[in-house]
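Structure first, commentary second.
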Amino acid sequence: MRSLLGAVVAALVTVTTAVAAPAGVAEAAETPEMAATFSAYTRFNVPADNGTRDRTIEDEIVALTDAVPTGSYIRGAMFSWTSPVVAEALARAAARGVVVRLVIDREGAGNVNLDPANAAIRTLKAANLDDLVFCGSSSSSVTGSSGCVANFSNSINHNKFFTFSTSGTKKRVVLLASQNLTFSQNNQFNNAVVVHEDYDLYDHFTRYFNEMRAQRKDNDFFTAADGYYKSPNTAVTLYHSPRASGDTARNVLSYVTRYESGCSVEVAQAMFTDPRALVATELLRIARLGCQVRIVYGSMGADVHGTLRGSTNVSMKKYYDAESDNYDGRVVTVHSKYLVVKGNYNGTPGRTIVFTGSHNLTGPSLRNHDETFVKIEHPTVSADYRANFATLWSRAKCVNPDNGSCAY
1 MRSLLGAVVA ALVTVTTAVA APAGVAEAAE TPEMAATFSA YTRFNVPADN
51 GTRDRTIEDE IVALTDAVPT GSYIRGAMFS WTSPVVAEAL ARAAARGVVV
101 RLVIDREGAG NVNLDPANAA IRTLKAANLD DLVFCGSSSS SVTGSSGCVA
151 NFSNSINHNK FFTFSTSGTK KRVVLLASQN LTFSQNNQFN NAVVVHEDYD
201 LYDHFTRYFN EMRAQRKDND FFTAADGYYK SPNTAVTLYH SPRASGDTAR
251 NVLSYVTRYE SGCSVEVAQA MFTDPRALVA TELLRIARLG CQVRIVYGSM
301 GADVHGTLRG STNVSMKKYY DAESDNYDGR VVTVHSKYLV VKGNYNGTPG
351 RTIVFTGSHN LTGPSLRNHD ETFVKIEHPT VSADYRANFA TLWSRAKCVN
401 PDNGSCAY
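Residue 36 in UniProt numbering sits at position 36 of the sequence shown; the count goes up by one each step and never skips.
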């Protein structure tokens, strides 16, 4: 097995948290009031220019899995899964008596999860896991597949998370990522954030997982009991999709209402499409306050691009590197889905907040799919994401784009 990349470094930091509000009006009550300490760290895939893969996130999941003792629990949700490395670690865990439960999209991108040659899925099916659910079997109410909770035609479970009741010295570990467990994801920029020792946050994910596992359908899951969650212990807030109305990303950006020296919004997005034009309008409004807005994207809608192109304080780079000499013809691009907001937020100066998870800036991510969008305010996490964005910004280039355009 490949060597693990580095030791896990946890940060114990004092931060400012927000008070929870009832579902449905949650985003309207964001005032920071009480201090809390919590442990969190990050992991990033930073592939080489030539497409050499970086397996940092996979290796972290394997390390956490291998440290889970007999009788403990692992739960995971995933969209596409072809790389066998994590599957093999989960099989080892099950063999030593760990309770392993998974919910996986039935098809995955391009039906990869249905491929009989898929070694990862074969490994999972043979591992005698406690539960292995493939969400989205066809039903009479939809055409094609659906998600685990989303019940639209061709909706998907787009989540990418794992929880571990115990892993080594860590308790109640939650890992949220942008990465599918496929080979090509390791030659794309991806991110993961890990929070541990927050028992309430872990319990929320257990409840959410169980909703998915039971495939309790709800096309407005955001307004359900567990659709919005603010941890009482840490500066972590969760917003799940599908959401029937409103725009989560637009709403969280609406709290930037004042200029502050050095204020900025940094956006790393695999896809930013026209149904999310309200987000583009909000970014333009923030730029007009005087804050710097920078966006690295894999693809962008023409209307969104037109709204932002050439605007004062807005800079954009498409990242699609298909250089002819890339290793094995691989494409290096951005698959992360995060925002980093720095400055005065909701009337409080000097904040840096990360929003990340599985949620692309697309219409289906908001309305149709099972997704998790997380807000985390933690100095080390924020610094790590800003450093990752700086790397993205310095590396981003467009060469031989798949659609022939280096704009969209």
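Even glycine gets a Cβ: it sits at the ideal position worked out from N, Cα and C.
Residue i burial status per 10 Å Cβ neighbour count (16 or more: buried)
i, result
"L176", "buried"
"L181", "buried"
"C406", "exposed"
"V174", "buried"
"G404", "exposed"
"V46", "exposed"
"R43", "buried"
"N111", "exposed"
"S232", "According to the sequence provided, residue 232 is Pro. The question's Ser does not apply to it. Result: exposed."
"A93", "buried"
"L114", "exposed"
"S299", "buried"
"N118", "buried"
"P69", "exposed"
"D49", "exposed"
"N388", "buried"
"D325", "exposed"
Whole-angstrom C-beta distance between residue j and residue i, which should lie under 8 Å
i, j, result
"V374", "L238", "5 Å"
"L392", "F183", "With a Cβ gap of about 21 Å, L392 and F183 do not count as contacting."
"V304", "D274", "6 Å"
"L339", "S241", "At roughly 16 Å, the Cβ-Cβ gap does not stay under 8 Å, so L339 and S241 are not in contact."
"R53", "N187", "5 Å"
Backbone secondary structure at residue i - three-state DSSP
i, result
"Q185", "helix"
"E211", "helix"
"L238", "strand"
"N403", "coil"
"R243", "coil"
"T372", "strand"
"V381", "helix"
"K125", "helix"
"G168", "coil"
"R276", "helix"
"P349", "strand"
"Y255", "coil"
"V68", "coil"
"T223", "helix"
"G329", "helix"
"I156", "coil"
"H204", "helix"
"H359", "coil"
"A192", "strand"
"T312", "coil"
"S261", "coil"
"S299", "strand"
"Y319", "coil"
"E58", "helix"
"G24", "Model confidence at G24 stands at a pLDDT of 40, short of 50, so the residue's coordinates are unreliable and nothing is read from them."
"V149", "coil"
"F38", "strand"
"E88", "helix"
"E282", "helix"
"T82", "coil"
"residue 410", "Outside the displayed span of the chain (1 to 408) sits residue 410, for which this structure offers no information."
Same chain, Cβ closer than 6 Å to residue i, neighbours up to 5 away in sequence not counted
i, result
"D226", "R207, Y208"
"R250", "L278, V279, E282"
"R276", "L361"
"A302", "Y408"
"V314", "A287, V293, L308"
"V99", "Y73, D130"
"K397", "D321"
"G24", "Caution applies to G24, whose pLDDT of 40 falls short of 50 and renders its modelled position unreliable; the value that the coordinates give is listed next. So the list reads T223, once near-sequence residues are dropped."
"V331", "A322"
Nonlocal neighbours in the same chain, by C-beta distance under 7 Å from residue i, ignoring five residues either side
i, result
"G168", "A67"
"Y345", "Y255, V256, R351, I353"
"P22", "Low confidence applies to P22: its pLDDT is 32, below 50, so where it sits in the model is not reliable, and the reading given next is rough at best. The answer is none, since no qualifying residue turns up."
"G71", "G97"
"S311", "L284, A287"
"N219", "A150, N151, F152, P242, A244"
"S165", "S72, Y73, R172"
Residues near residue i by beta carbon distance below 8 Å, same chain, minus five either side
i, result
"A102", "Residue identity differs from the one stated: residue 102 is Leu in this sequence, not Ala. The answer, listed in chain order, is R75, G76, A77, M78, L90, L124, L129, D131, L132, V133."
"L289", "V256, T257, R258, Y259, C263"
"R386", "E266, V340, K342, T352"
"R106", "N113, L114, F134, C135, G136, S137, S145"
Discussion item. Taking contact to mean 3 or more Cβ pairs, one atom from each stretch, closer than 8 Å, check whether the segment 376 to 388 and the segment 346 to 361 are in contact.
Written reply: yes
Practice prompt. Please confirm if the segment 288 to 295 is in contact with the segment 262 to 270, defined as three or more CB-CB distances below 8 Å between the two stretches.
Written response: yes
Practice prompt. Say whether the segment 37 to 54 touches the segment 192 to 208, bearing in mind that this needs 3 or more beta-carbon pairs closer than 8 Å, one atom from each stretch.
Written response: yes
Discussion item. For the segment 55 to 66 against the segment 80 to 100, do three or more pairs of beta-carbon atoms, one drawn from each stretch, fall closer than 8 Å, so that the two count as touching?
Written reply: yes
Worksheet item: Does the segment 154 to 162 come close enough to the segment 110 to 128 to have 3 or more Cβ pairs within less than 8 Å?
Response: no
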